[in-house]
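A.B. asks: Just so we're aligned, residue 1 is where the sequence shown starts under the working numbering, counting upward by one. By construction, the Cβ of each residue, glycine as well, lies at the ideal position given by its N, Cα and C atoms. Given the structure is predicted, the values throughout are model-derived calculations rather than measurements.
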Amino acid sequence: MPLAQIKGISGVLTLEQKQEMIKKVTEAIISVEGEGVRPVTWVVVEDVPSGQWGVGGDLVTTSAVQEMIEAKK
1 MPLAQIKGIS GVLTLEQKQE MIKKVTEAII SVEGEGVRPV TWVVVEDVPS GQWGVGGDLV
61 TTSAVQEMIE AKK
């Protein structure tokens, strides 16, 4: 029973983006393990509240991630 856990900062991904991620991660697992595991493949997308995530000792917020995304466009 494969289980993929994906964590991200709350408010960054839309529901539609999470749904697409779940579908694509499921397909990636199936491509390795085979179609037989599809019914028991779990993908969990979990939101971590803004400010409760850290990188290099610094807190990361929703607005900081959104600014990084916009800067890369």
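1. Using CA coordinates, which residue listed in Ile29, Pro39 and Val65 is at the minimum distance from Ser10?
2. Given this structure, state the Cα-to-Cα distance separating Gly57 from Ser50, to the nearest angstrom.
3. Mind checking whether Ile6 and Val45 have CB atoms under 8 Å apart?
4. Under 8 Å, do Ala4 and Val43 count as touching if we go by C-beta distance?
C.D. replies: Per the coordinate set shown:
1. Locating residue 10 in the sequence shown gives position 10, counting from the first residue. Checking every option, the nearest Cα to that of Ser10 belongs to Val65.
2. Residue 57 sits at position 57 when you count from the first residue of the sequence shown. Residue 50 sits at position 50 when you count from the first residue of the sequence shown. Cα to Cα, Gly57 sits roughly 15 Å from Ser50.
3. In the sequence shown, residue 6 corresponds to position 6, counting from 1. In the sequence shown, residue 45 corresponds to position 45, counting from 1. Less than 8 Å separates the beta-carbon of Ile6 from that of Val45.
4. For this step, residue 4 is matched to residue 4 along the sequence shown. For this step, residue 43 is matched to residue 43 along the sequence shown. Yes, they are a contact pair.
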